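Position in the sequence shown counted from 1, then plus 3, gives you the working numbering. All residues carry an ideal CB built from backbone N, CA and C; glycine is no exception. Keep in mind the model is a prediction, meaning the values are calculated, not measured. Remarks on the structure that follows.
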Amino acid sequence: MKRLLQWTTVFLLSSLALAQNATPGSPTPNSPSQPAVTAADIQALKDALAAQQQQIQQLQRALAERDQTAQARQPEAQPAETPHLELASSVSASPASIQNPPPVQAAQVLQGAQGVEAGSSDQRIRNLERQIKGLGPINFSGDVRLRAEPFFGGPTDGSLDRMRGRIRARFNATADLGSQFRTGITLATGDLNDPVSTNQNITGFYTRKAIALDQAFVQFKPNEFKALTLTAGKFGYPWYNTELTWDKDLNPEGAAQSLAFKLNTPVLKRVALIGFELPFAEVAGTAVNGKRIAQRRLPGTCSRTLA
């Protein structure tokens, strides 16, 4: 037993002596060393990255060709959105950044959409203006007149004395349909059974006043012979007249031809030959075998010379 204690004491002392002789910071001779990065490794990474870029470009070209083919087959269909492939240099974008784009990008997208909408509205307006210009210049005019008409000087009992209010409203529109045709319409108030007045009496317990078609005509003036003017419809007088023969508010109906020449002489300035056919009523025939309804016309020719 004593011998065993001696051997145990010797073993402990030798172990302590070995622990004191060993240095704590000395490297282990058997630990493996980290391999160094060589130029060949860097070149291999560059080659792999270039190959990936080439593959991505090939995919982009293939997608573009597919979209062009689809658009050619379906020209009226809505253009499909072309997917965009972006090459990330190091790390791909996170899902949070994709779901929540930066405010600057959102504002740019909104401004782009507003620009497209404004451009389409401007384009529609320009197309409408182009169509209106294709018809030629369109002119609008009109007037409204109020009148008080007194009547005095009749019988002594005053049975014919009168003070009435009258109103007149007119609207005119004329358009040039190219270089040879011209058309126009006029709307005016007045009694429908009175062709020589556009005035309407202010009476009738505030009833609505009638507005009727006072003029509607088409005029043709050929470019090859500008002295000739052909007019048809309901139009103003194509000849000069006085109120002794024609009322100024009357607009005849039918057709008229005017052949006018300008003269540069001291005496005569213009010579015009005018013909007209003015149907004014439909009358049934009275013959046994001729009772068809025909129009009674007022044909005539007139020449005017102005000094």
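Item                                                                                                         : Value
Touching by the beta-carbon criterion (3+ pairs, under 8 Å), the stretch 220-229 and the stretch 195-203     : no
Assigned secondary structure, Q183 (DSSP; H/G/I helix, E/B strand, else coil)                                : coil
For P153: DSSP bridge partner residues                                                                       : M166
Cβ-Cβ separation, F208 to A176 (assumed contact under 8 Å), whole Å                                          : The Cβ separation is near 32 Å, so there is no contact.
Collapsed DSSP secondary structure at L66 in the structure displayed                                         : helix
With 16 other Cβ atoms within 10 Å as the buried cut-off, status of Q222                                     : buried
Member of A172, P153, R171 and R169 whose CA lies at the smallest distance from the CA of L163               : P153
Neighbour-count burial assignment, A151, 16 or more Cβ in a 10 Å radius                                      : exposed
Reference F220, options R167, L52, P255 and A42, closest by Cα                                               : P255
Where D125 falls: helix, strand or coil (DSSP)                                                               : helix
Boundaries of the beta strand (DSSP E) in which E285 is found, first to last residue                         : R273 to A287
When F184, A215 and A263 are compared against D194, the one with the closest alpha-carbon                    : A215
Helix, strand or coil at I205 according to DSSP, with G and I counted as helix                               : coil
Residue environment, G187, which counts as buried when at least 16 other CB atoms sit within 10 Å            : buried
Sequence-distant residues of the same chain with beta carbon closer than 8 Å to Q183, five excluded per side : F223, K224, P225 and N226
Assigned secondary structure, T72 (DSSP; H/G/I helix, E/B strand, else coil)                                 : helix
Reference A213, options L233, A191 and T234, closest by Cα                                                   : A191
Nearest-angstrom Cα separation, counted from A259 out to A275                                                : 13 Å
Burial state of D197, where buried means 16 or more other Cβ atoms lie within 10 Å                           : exposed
Bridge partners - D146, DSSP secondary structure assignment                                                  : R173
Buried/exposed call for P269, threshold 16 Cβ in 10 Å                                                        : exposed
Simplified DSSP state of K49, which is helix, strand or coil                                                 : helix
Near the ligand ATP: P225 beta-carbon under 7 Å from a heavy atom                                            : Looking for the ligand ATP in the displayed structure turns up nothing, as the structure carries no ligands at all.
C-alpha distance - S92 paired with A43, whole-angstrom precision                                             : For S92, the predicted structure reports a pLDDT of 45, less than 50, and the residue's modelled location is therefore unreliable. The matter cannot be settled from this model.
Closest residue to G145 among Q58, R173, N267 and A290 (Cα-Cα distance)                                      : R173
Rounded straight-line distance, which links the Cα of D217 to that of W249                                   : 16 Å
A47 to Q56 span [Cα, whole Å]                                                                                : 14 Å
For A178, the three-state DSSP class (helix, strand or coil)                                                 : strand
Bridge-paired residues (DSSP) for E256                                                                       : K237
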